[in-house]
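Peer 1:
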Amino acid sequence: MSSETTPWREYFGSRENQSHAAQLGMWIFLGSEVLLFTNLFVGYAVYRYYYPEVFIEASHHLATGWATVQTLLLVTSSLCVALAVHFIRSGRAFWMGVALLVAMGLGLGFLVIKGWEYWKHWTEGALPGEYYRLAELPDRGGSLFFTLYFLLTGLHALHMLAGLSVLGWLVWGALVGRYTAEYHVPVEVGGLYWHLVDVFWLFIYPLLYLVE
Amino acid sequence: MNPSTAGSLAEPTYLNHETTVRSWLLTRDHKRIGVMFLVLVISALLLGGVFAMLLRIELLTPGPTIMGPMTYNRVFTLHGVTMVWLFMIPAIPSAFGNFVLPLMLGAKEVAFPRLNLASVYIYAAGAALTVFGMVWSGADTGWTFYTPYSTTSPTAVTPILLGVFIIGFSTIITGLNFITTTHTLRAPGMHWSRIPLFVWAIYGTSVIQVVATPVLAMVLVLVALERVAGVGIFDPTRGGDPVLFQHMFWFYSHPAVYIMVLPAMGVITEVVCAFSRKNIFGYRMIAASTFGIAFVGFFSWGHHMFVSGQSTFGSGIFGVLSMLVAIFTAIKIFNWVATMYGGAIDLKVPLLYVLGFIFLLTFGGMTGVAVATTSLDVHWHDTYFIVAHFHYIMVGSVLMAFLAALHYWWPKMFGRLFPERWASVAACTIIFGFIVTFLPQFLLGNMGMPRRYYQYPSEMQWLNVLSTAGASLLAFGFGLIGLYLVWSLRYGKVSPANPWGSRGYEWFSASPPGPHNFREPPRFEREVHDYTVSEAPHVF
Ligand code: HEM
Ligand SMILES: [Cu+2]
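Chains A and B are the protein sequences, given in the same order. With the numbering used here as the guide, the letters of the first sequence map in order to residues 1 to 212. With the numbering used here as the guide, the letters of the second sequence map in order to residues 1 to 540.
(1) Roughly how many whole angstroms lie between the Cα atoms of B:Thr-13 and B:Ala-125?
(2) Quick one: does A:Ile-204 have its CB under 7 angstroms from some CB of chain B?
(3) Applying a beta-carbon distance threshold of less than 9 angstroms, which residues of chain B neighbour A:Pro-52?
(4) Ignore the nearest five residues each way along the sequence and tell me which others in B:Pro-69's own chain have a CB closer than 6 angstroms to its CB.
(5) Identify whether A:Ser-3 lies in helix, strand or coil by the three-state DSSP scheme.
(6) Can you tell me whether DSSP reads B:Thr-383 as helix, strand or coil?
(7) Would you identify the three-state DSSP class for B:Val-494, choosing helix, strand or coil?
(8) Using a Cβ cut-off of 7 angstroms (strictly closer), state whether B:Pro-148 contacts chain A.
(9) Please decide whether A:Phe-29 counts as near chain B, where near means a Cβ-Cβ distance under 7 angstroms.
(10) Ordered along the chain, which non-local residues of its own chain (more than five positions away) have a Cβ less than 6 angstroms from that of B:Trp-507?
(11) Using DSSP with H/G/I as helix, E/B as strand and the rest coil, what is B:Pro-90?
(12) For B:Gly-421, name the three-state secondary structure that DSSP assigns.
(13) Which residues does DSSP list as the beta-bridge partners of B:Asn-517?
(14) How about the stretch 308-323 of chain B and the stretch 459-470 of chain B: do they share at least three Cβ pairs that are nearer than 8 angstroms?
(15) Quick check: is the beta carbon of A:Pro-128 nearer than 7 angstroms to any beta carbon in chain B?
(16) Suppose you measure from the CA of B:Gly-415 to the CA of B:Ile-160; what does that come to, to the nearest Å?
(17) For B:Pro-350, which three-state DSSP category applies?
(18) In chain order, what residues of the stretch 231-255 of chain B put their CB closer than 7 angstroms to some CB of chain A?
(19) Run through the DSSP bridge pairs and tell me what B:Pro-450 is partnered with.
(20) Spell out a yes or no on whether the stretch 33-49 of chain A and the stretch 173-187 of chain A are touching, meaning 3 or more CB-CB pairs, one atom from each, closer than 8 angstroms.
(21) Determine the closest residue to B:Thr-237 out of A:Gly-177, A:Leu-144, A:Phe-150 and A:Leu-207, with distance taken between C-alpha atoms.
(22) Between A:Ser-19, A:Arg-140, A:Gln-18 and A:Met-26, which lies nearest to A:Leu-196 when the distance is taken from Cα to Cα?
(23) The stretch 139-162 of chain A: which residues have C-beta closer than 7 angstroms to a C-beta of chain B, in chain order?
(24) Suppose the cutoff is 7 angstroms on Cβ atoms and the five residues either side in sequence are ignored; what does the same chain contact list for B:Pro-541 look like?
(25) Given that a residue counts as buried once 16 or more other Cβ atoms are within 10 Å of its Cβ, and exposed if not, what is B:Leu-347?
(26) Ligand 2 heavy atoms versus the CB of B:His-254: any closer than 6 angstroms?
(27) Considering only their Cβ atoms, is the gap separating B:Thr-77 from B:Asp-29 smaller than 7 angstroms?
(28) Contact check, B:Leu-103 vs B:Thr-182 under 8 angstroms by CB: the rounded distance?
(29) Measuring alpha carbon to alpha carbon, tell me which residue in B:Leu-403, B:Pro-512 and B:Met-190 is nearest B:Leu-45.
(30) Nearest-angstrom Cα distance between B:Pro-411 and B:Ile-358?
(31) So, using beta-carbon positions, are B:Ala-388 and B:Phe-442 closer together than 7 angstroms?
(32) Using a Cβ-Cβ cut-off of less than 8 angstroms, give me the residues of the stretch 164-193 of chain A that come near chain B, in sequence order.
(33) Out of curiosity, what's the CA-to-CA distance linking B:Leu-38 and B:Val-223?
(34) Cβ of A:Gly-129 within 7 angstroms of Cβ of B:Val-231?
(35) Quick check on the DSSP output: the alpha helix (DSSP H) that includes A:Asp-139 runs from which residue to which?
(36) Any idea if B:Ala-6 is buried or exposed, counting beta-carbon neighbours within 10 angstroms, 16 or more meaning buried?
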């Protein structure tokens with residue numbers, strides 16, 4: 001929302017109402033995002049039921065330790081975003097920007113680790129569908145596990161990229177002084193989005209890496 | 001635009017306050033966006049209609065008539081895809097919802113005007129990709145894209161899947177916008193118990209859209225990935241499960257039929273009130289049954305899978321849950337009839353479509369209960385009986401309501417009246433044509449004619465000829481409507497602000513409304529459609 005978005009739109013009647021609308025819209029959007037992932041979760045449940053041993057075996061090919069580091073990074077970044085919201089509520093735009101930058105750094109760290117993991121899978125041949133080349137695991141089930149793995153983590157990574165752009169745009173807004181203690185709806189709403197990305201991971205992590 | 005309405009002469013309308021192409025293409029005005037959607041969905045209807053006529057012409061004779069079998073497969077797929085995804089799902093919410101929902105709430109805007117504009121372009125992009133797939137080589141999977149065939153078919157399934165996927169985003173955005181608008185932008189006096197029932201219907205629909213569409217989006221992506229990267233989720237040779245596709249698909253697509261039908265019911269409610277000059281009988285029941293339908297709609301998808309190896313117990317449960325929908329629908333039907341009963345009925349064109357709607361919905365609904373009975377469905381499954389059932393209920397209701405809405409709100413949208421007599425002729429042609437087209441298909445299905453077949457035994461020819469004759473009548477009716485509506489834009493009588501004397505809230509604005517809907521914020525001091533008060537010709 002660039003220059004033409006005067007922070008305050010008259011047709012909402014009041015600022016509270018505008019903020020209410022933005023939050024409600026975001027919550028609905030988040031709800032539909034959750035449902036976007038459901039097919040993959042359902043698929044995971046179904047195929048785990050079909051190929052229980054293969055799925056457990058396959059999960060041993062994942063870097064659980066690094067995934068734990070990723071989880072920590074992401075949770076910390078969510079904390080920073082929450083701090084950013086807290087800062088701007090009391091009008092401290094500078095600290096809000098700092099908190100968001102830290103959050104973005106942590107998010108980028110997450111993606112770097114993810115990229116490194118992907119690269120390892122690539123060399124190993126633990127890939128979805130046609131590209132599956134992992135000899136020690138049966139093709140039936142094994143390729144499905146990695147299909148679901150890549151879909152879940154890939155979709156999550158795409159959401160992280162979207163989230164990072166949102167955070168970047170908020171930092172830029174903080175720099176040009178757009179947000180104040182009175183006007184910070186975008187920060188709250190963008191923050192919500194980042195928390196959602198975090199929450200997705202909190203489902204993906206145990207499902208793929210931890211469940212035995 | 002309306003030189004002769006002295007009163008509104010000075011007032012600019014949403015149509016003429018800016019007239020550049022740019023002002024249309026970049027508009028944030030929900031009314032212009034509604035009009036843009038109207039043009040787009042009518043184009044889709046036309047395209048789907050051409051495919052339909054080709055199908056019916058092919059089925060005139062038992063053997064090959066005008067095309068080969070592969071072409072036939074493509075044509076029925078393109079017909080289904082266009083009609084379901086490009087026309088029926090967005091038609092009423094995106095076109096009329098956008099236009100009248102904010103007016104009915106006394107709002108100046110929808111909550112997120114720019115997202116709203118984006119939804120038009122997302123729809124257009126999705127439609128363009130779909131049409132591109134059609135032109136490139138079409139698809140031969142049917143509109144349901146059943147796996148594993150859809151994952152291996154050599155036709156252009158991928159662009160069509162992605163096109164439908166993109167259109168889904170437009171639907172989600174529209175739903176999100178309407179829910180938020182209803183919550184936050186109601187004018188003073190518009191408390192929840194006064195919200196017009198069309199808004200309730202659109203609200204209920206929006207909930208389904210937001211909840212169900214992402215599930216569809218993902219399943220379409222999975223099929224596309226399966227085609228592109230062989231991921232094997234639905235491919236049994238790779239250990240996947242094709243029936244899983246059916247579950248995911250119908251989890252969306254059964255509720256999706258209510259995405260189509262609920263807005264239609266909303267239109268019908270408005271029109272029934274306006275032309276019976278009575279407020280609706282059982283406001284709360286109608287609103288509640290909307291949510292009843294939306295809710296149960298999520299638990300009845302399994303009735304599409306009675307013959308897919310589901311347990312008999314599962315089928316029984318799904319059958320019973322499906323029948324609950326019929327109860328909620330019946331509530332609405334009784335309330336419409338009760339409203340008309342004792343009302344001062346004014347049998348204008350929109351009400352004619354309502355009568356058509358009630359007939360088709362009742363008949364189609366009863367056949368729905370019949371096919372939800374497992375033992376009967378085993379006989380009818382995948383025959384023309386099903387084709388007739390879903391055309392009656394889904395197409396019948398959407399089409400009737402769409403035409404009712406088009407005629408009812410035409411003067412609101414464009415400030416012109418259409419020629420009543422021609423419109424009545426067209427309405428009768430359409431309703432009669434519809435019945436003649438699809439009634440024979442129930443009989444055909446019962447005789448065992450499978451759906452999606454290109455040839456049939458010659459005993460079945462007379463019923464097929466009858467059906468094609470009906471389709472021709474329908475086509476003629478549409479042609480007529482197109483002609484007089486376009487004619488009326490220029491030569492039609494200039495409409496008064498409220499030509500029907502309706503007490504619906506949207507008529508508080510001028511016809512056509514000004515760029516910001518109202519000159520002063522309207523105050524809602526009476527119930528919707530309250531015909532006991534005499535209304536001063538005051539336009540807010
Ligand atoms: C309210 C509006 C309704 C609409 C728009 C609608 C639409 C449809 C559509 C489009 C299909 C065909 C799907 C396909 O292509 O395979 C269908 C099939 C079916 N409908 Fe409906 N339906 C409605 C109401 C009902 C009701 C009330 C019931 C049950 C009480 C019902 C039961 C069924 C069953 C069991 C099938 C599957 C039949 C088969 O494939 O063998 N429908 N419906
Ligand atoms: Cu269904």
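Ideal Cβ positions, reconstructed from N, Cα and C, are used throughout, including at glycine.
Peer 2: From the atom records:
(1) Cα to Cα, the separation comes out at about 29 angstroms.
(2) At a cut-off of 7 angstroms between beta carbons, A:Ile-204 makes no contact with chain B.
(3) Within 9 angstroms Cβ-Cβ: nothing; A:Pro-52 doesn't reach chain B, min ~13 angstroms.
(4) So the list reads Tyr-454, once near-sequence residues are dropped.
(5) Model confidence at A:Ser-3 stands at a pLDDT of 36, short of 50, so the residue's coordinates are unreliable and nothing is read from them.
(6) Strand.
(7) Here B:Val-494 sits in strand by DSSP.
(8) Chain A contact via Cβ: absent.
(9) With 7 angstroms as the cut-off, A:Phe-29 counts as an interface residue toward chain B.
(10) Apart from sequence neighbours up to five positions away, the residues of its chain that approach B:Trp-507 with a beta-carbon distance below 6 angstroms are Asn-498, ordered along the chain.
(11) Correct three-state label for B:Pro-90: helix.
(12) One point to set straight first is that residue 421 of chain B is Arg, not Gly, in the sequence displayed. The answer is helix: DSSP assigns B:Arg-421 an H, G or I state.
(13) B:Asn-517 is bridged to B:Gly-514.
(14) Output reads no: the stretch 459-470 of chain B does not touch the stretch 308-323 of chain B.
(15) Residue-level contact by beta carbon holds for A:Pro-128 and chain B, with a gap shorter than 7 angstroms.
(16) If I take the Cα positions, the gap works out to 38 angstroms.
(17) DSSP places B:Pro-350 in helix when its eight states are reduced to three.
(18) Residues Val-231, Gly-232, Ile-233, Arg-238, Gly-239, Gly-240, Asp-241, Leu-244 and Met-248.
(19) B:Pro-450 is bridged to B:Thr-383.
(20) Taking one beta carbon from each stretch, the stretch 33-49 of chain A and the stretch 173-187 of chain A have fewer than 3 pairs nearer than 8 angstroms; the two do not touch.
(21) Considering only alpha carbons, the answer is A:Leu-144.
(22) Among A:Ser-19, A:Arg-140, A:Gln-18 and A:Met-26, the Cα nearest to that of A:Leu-196 belongs to A:Met-26.
(23) The residues in question are Arg-140, Gly-141, Ser-143, Leu-144 and Thr-147.
(24) This structure cannot settle anything about residue 541 of chain B, because the visible part of chain B is limited to 1 through 540.
(25) Around the Cβ of B:Leu-347, a 10 Å sphere holds fewer than 16 other Cβ atoms; the residue is exposed.
(26) Because some heavy atom of ligand 2 lies under 6 angstroms away, the Cβ of B:His-254 counts as near it: yes.
(27) The Cβ atoms of B:Asp-29 and B:Thr-77 lie no closer than 7 angstroms to each other.
(28) Rounded, the Cβ-Cβ distance is 13 angstroms, inconsistent with contact.
(29) Of B:Leu-403, B:Pro-512 and B:Met-190, the smallest CA-CA separation from B:Leu-45 is found for B:Leu-403.
(30) Taking the straight line joining both Cα atoms gives about 24 angstroms.
(31) Yes, they are a contact pair.
(32) If the cut-off is 8 angstroms between Cβ atoms, the stretch 164-193 of chain A has nothing near chain B.
(33) If you draw a straight line from the Cα of B:Leu-38 to the Cα of B:Val-223, it is about 31 angstroms long.
(34) Cβ atoms of A:Gly-129 and B:Val-231: closer than 7 angstroms.
(35) Per DSSP, A:Asp-139 belongs to the alpha helix (DSSP H) from 139-175.
(36) Note that B:Ala-6 scores a pLDDT of 43, beneath 50, so its modelled location is shaky; the value from the coordinates is reported in the next line. Exposed, by the Cβ-count rule.
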